[in-house]
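Residue numbers (this note's numbering), protein chains in the order written: chain A, 1 to 238; chain B, 239 to 476. Glycine included, C-beta positions come from ideal geometry on N, C-alpha and C. I have placed the structure first, in the form of structure tokens, so that the comments after it can refer back to it.
Protein chains: 2
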Amino acid sequence: MVKAIAVRNLHGQVIQELGRQIVGGELRPGELLPREELLAERMIVSRTALREAMKVLSAKGLIEARQRTGTRVREKKYWNQLDADVLAWRCASMPTNDFVDKLVEMRETIEPAAAAAAARRRDDTQLAALEAAYRAMEAAEELDAWAEADLAFHEAVLNATNNELMASLFSVIETALGTYFLLSARTAANFKYSLPHHFAVYEAIRRRQPEAARRAMLRMVDDSRTNIRRRRRTKKAS
Amino acid sequence: MVKAIAVRNLHGQVIQELGRQIVGGELRPGELLPREELLAERMIVSRTALREAMKVLSAKGLIEARQRTGTRVREKKYWNQLDADVLAWRCASMPTNDFVDKLVEMRETIEPAAAAAAARRRDDTQLAALEAAYRAMEAAEELDAWAEADLAFHEAVLNATNNELMASLFSVIETALGTYFLLSARTAANFKYSLPHHFAVYEAIRRRQPEAARRAMLRMVDDSRTNIRRRRRTKKAS
DNA sequence: TAAATCTATTAGTATTACAATTGAGCAGGT
DNA sequence: ACCTGCTCAATTGTAATACTAATAGATTTA
Numbered sequence: 001m002v003k004a005i006a007v008r009n010l011h012g013q014v015i016q017e018l019g020r021q022i023v024g025g026e027l028r029p030g031e032l033l034p035r036e037e038l039l040a041e042r043m044i045v046s047r048t049a050l051r052e053a054m055k056v057l058s059a060k061g062l063i064e065a066r067q068r069t070g071t072r073v074r075e076k077k078y079w080n081q082l083d084a085d086v087l088a089w090r091c092a093s094m095p096t097n098d099f100v101d102k103l104v105e106m107r108e109t110i111e112p113a114a115a116a117a118a119a120r121r122r123d124d125t126q127l128a129a130l131e132a133a134y135r136a137m138e139a140a141e142e143l144d145a146w147a148e149a150d151l152a153f154h155e156a157v158l159n160a161t162n163n164e165l166m167a168s169l170f171s172v173i174e175t176a177l178g179t180y181f182l183l184s185a186r187t188a189a190n191f192k193y194s195l196p197h198h199f200a201v202y203e204a205i206r207r208r209q210p211e212a213a214r215r216a217m218l219r220m221v222d223d224s225r226t227n228i229r230r231r232r233r234t235k236k237a238s
Numbered sequence: 239m240v241k242a243i244a245v246r247n248l249h250g251q252v253i254q255e256l257g258r259q260i261v262g263g264e265l266r267p268g269e270l271l272p273r274e275e276l277l278a279e280r281m282i283v284s285r286t287a288l289r290e291a292m293k294v295l296s297a298k299g300l301i302e303a304r305q306r307t308g309t310r311v312r313e314k315k316y317w318n319q320l321d322a323d324v325l326a327w328r329c330a331s332m333p334t335n336d337f338v339d340k341l342v343e344m345r346e347t348i349e350p351a352a353a354a355a356a357a358r359r360r361d362d363t364q365l366a367a368l369e370a371a372y373r374a375m376e377a378a379e380e381l382d383a384w385a386e387a388d389l390a391f392h393e394a395v396l397n398a399t400n401n402e403l404m405a406s407l408f409s410v411i412e413t414a415l416g417t418y419f420l421l422s423a424r425t426a427a428n429f430k431y432s433l434p435h436h437f438a439v440y441e442a443i444r445r446r447q448p449e450a451a452r453r454a455m456l457r458m459v460d461d462s463r464t465n466i467r468r469r470r471r472t473k474k475a476s
């Protein structure tokens, strides 16, 4: 479901390894992990490499090191839940359905608001980008091209927001969901199903009508969610 | 405006130093920073400590290191905008008003949605926490106590959401805004001004009325924003 | 009993050495 | 003149080692 970020470095691997274990629940919050020397030995890396990894995990809020006491896994409430890696590890570990629901809920909250903001503040360049994305969706002949254009469309909306925070949040969520929400609902036969929804969003943003944009985006997201749910049931049945 | 996270460690200081410089624009994207040996020497730390800091900055998406080439500052689009530190550095560097507006915009989209979700999914324990926070606000005699209770109230709402992502996002934003949005609008005289708003939110959540909760929270946030704006004008005038 | 102190353990920092990667230039062939 | 591939050197990546600093817990002392 999730793209594993390619890791060439050694400490990168260590980060992944430990991060996965912590987020996945093998290492439970409060648990004390072996002292650096031992752990390094076990993972067959130098203490240097291990420590570089630990610093990163610590920055993500997953662990906390104190002299003499050792390093322990922090409570979940301190984790940087919005960190791309943490999110990815959760996706990789969790019995996904309820977590996906949470991600979708975030998306449902963000995107309509973003559409409204875009309608308010977009400049002509950003509108042009949006239009280009829409035309690409319209012209798409096959699923791949359509998915790519769809993604570009949503990015363009977020971009027109002129609020990097919104854009960033969406991109994190979207990465976590992978191609899930883009592709899941549509079969090869009807993948252009939501084109009218996209047009409505585009039009509202073009005309600078925030409320219309919000409603249009809401309809789109809603629709996508019901499709995902339907798909989920189908899968379960099969 | 922002709480500087207390840093005891050396690499912690280095992280702050470099992070601030990058986010603050002293080191521009694309710029190549000195090789580790030199940089370490300049900052009067060992290469070890420097590298531990670099790994963290790299995890935040601020820099990218490649062998032979060196380490360079990444484009803004790759930064983890939602990282607490990155946010804090931005707050510390930016001519704040427009950035604060962006944060407020995030808050305005999140909180009403959160209130609605809370009304849908809260359990009795969470409701009790919410009630406790409300009573504390009601009972508050002075500004400090009120601010604390207010914060607890919002946390309780987010918590009742049962969606850690929402909770996390809010907590990040709230930290970035510091006590700004909690305190800025109210003078010592009328700090209990928004109590009715809070009651409305509480009631709607208690009665499991999502839409009512959303609207109530929206009114509250809207109101808070106008107060902030008013305050801003006043400040400018003075 | 409580307060001060010592001690052993663990993370933090520094230093040094070497390995791995790779851009750039050079050599050789066509 | 142009491509190909090789070598070289610069920079990050990894390791090993030694020492420093903080502190939980035992020990001593008032």
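Item: Cα-Cα separation between residue 324 of chain B and residue 253 of chain B, rounded to whole angstroms; Value: 11 Å
Item: Burial state of residue 275 of chain B (16 or more Cβ within 10 Å); Value: exposed
Item: Closer than 9 Å to chain B by CB, residue 79 of chain A; Value: yes
Item: Exposure label - residue 24 of chain A; buried when at least 16 CB within 10 Å; Value: exposed
Item: Within chain A, partners of residue 320 of chain B - CB distance below 9 Å; Value: 80, 82, 83, 165, 168, 169, 172
Item: Residues that residue 249 of chain B contacts on chain A, provided the C-beta gap is smaller than 9 Å; Value: 55
Item: Local Cβ density within 10 Å of residue 298 of chain B, reported as buried at 16 or more and exposed below that; Value: buried
Item: Neighbour-count burial assignment, residue 83 of chain A, 16 or more Cβ in a 10 Å radius; Value: buried
Item: Inter-residue Cα distance where the pair is residue 241 of chain B and residue 300 of chain B; Value: Interpretation of residue 241 of chain B is limited by its pLDDT of 47, a score under 50 that renders its predicted location unreliable; the figure taken from the coordinates is listed afterwards. Computed Cα separation, rounded: 21 Å.
Item: Span of the alpha helix (DSSP H), counted from its first residue to its last, around residue 273 of chain B; Value: Counting along the chain, residue 273 of chain B falls outside any alpha helix (DSSP H), and DSSP gives it neither H nor E.
Item: Buried versus exposed, by CB contacts within 10 Å (16 or more), residue 173 of chain A; Value: buried
Item: Below-9 Å beta-carbon distance, residue 59 of chain A vs any chain B residue; Value: yes
Item: Contact with chain B by residue 51 of chain A, beta-carbon distance below 9 Å; Value: yes
Item: Where the alpha helix (DSSP H) through residue 22 of chain A begins and ends; Value: 10–24
Item: is_contact[residue 119 of chain A, chain B] using C-beta, thresh 9 Å; Value: no
Item: Span of the beta strand (DSSP E), counted from its first residue to its last, around residue 64 of chain A; Value: 63–66
Item: 9 Å Cβ cutoff, residue 334 of chain B in contact with chain A; Value: no
Item: Residue-chain proximity (residue 240 of chain B, chain A), Cβ-Cβ < 9 Å; Value: Unreliable positioning characterises residue 240 of chain B in this predicted model, as indicated by a pLDDT of 46, which lies under 50. The coordinate reading is nonetheless provided below. Judged by the 9 Å Cβ criterion, residue 240 of chain B is not in contact with chain A.
Item: Minimum Cβ-Cβ distance from residue 286 of chain B to chain A less than 9 Å; Value: yes
Item: Chain A contact residues for residue 281 of chain B, given Cβ-Cβ distances below 7 Å; Value: Within 7 Å Cβ-Cβ: nothing; residue 281 of chain B doesn't reach chain A, min ~16 Å.
Item: Reduced DSSP secondary structure (H/G/I, E/B, other) of residue 226 of chain A; Value: helix
Item: Contact check, residue 133 of chain A vs residue 205 of chain A, beta carbons under 9 Å; Value: no
Item: Among B:246, B:431, B:363, nearest to residue 385 of chain B - alpha-carbon criterion; Value: B:431
Item: 8 Å Cβ cut-off: residues of chain A touching residue 348 of chain B; Value: 109
Item: Beta carbon proximity, residue 220 of chain A to chain B, threshold 9 Å; Value: no
Item: Residues within the region 138–167 of chain A neighbouring chain B, beta-carbon criterion of under 9 Å; Value: 161, 162, 163, 164, 165, 166, 167
Item: Any C-beta of chain B under 9 Å from that of residue 217 of chain A; Value: no
Item: Cβ neighbour criterion (16 or more within 10 Å) applied to residue 245 of chain B; Value: exposed
Item: Local conformation of residue 73 of chain A per DSSP, three classes; Value: strand
Item: Cβ-Cβ distance between residue 401 of chain B and residue 106 of chain A below 9 Å; Value: yes
Item: Inter-residue Cα distance where the pair is residue 316 of chain B and residue 303 of chain B; Value: 14 Å
Item: Between the CA atoms of residue 454 of chain B and residue 438 of chain B - distance to the nearest angstrom; Value: 6 Å
Item: Contacts that residue 113 of chain A makes with chain B (C-beta to C-beta distance below 7 Å); Value: 347
Item: Close Cβ partners of residue 18 of chain A (< 7 Å) along its chain, the five nearest in sequence each way excluded; Value: 53, 57
Item: Contact set between residue 105 of chain A and chain B, taken where Cβ atoms lie within less than 9 Å; Value: 351, 355, 399, 401, 403, 404
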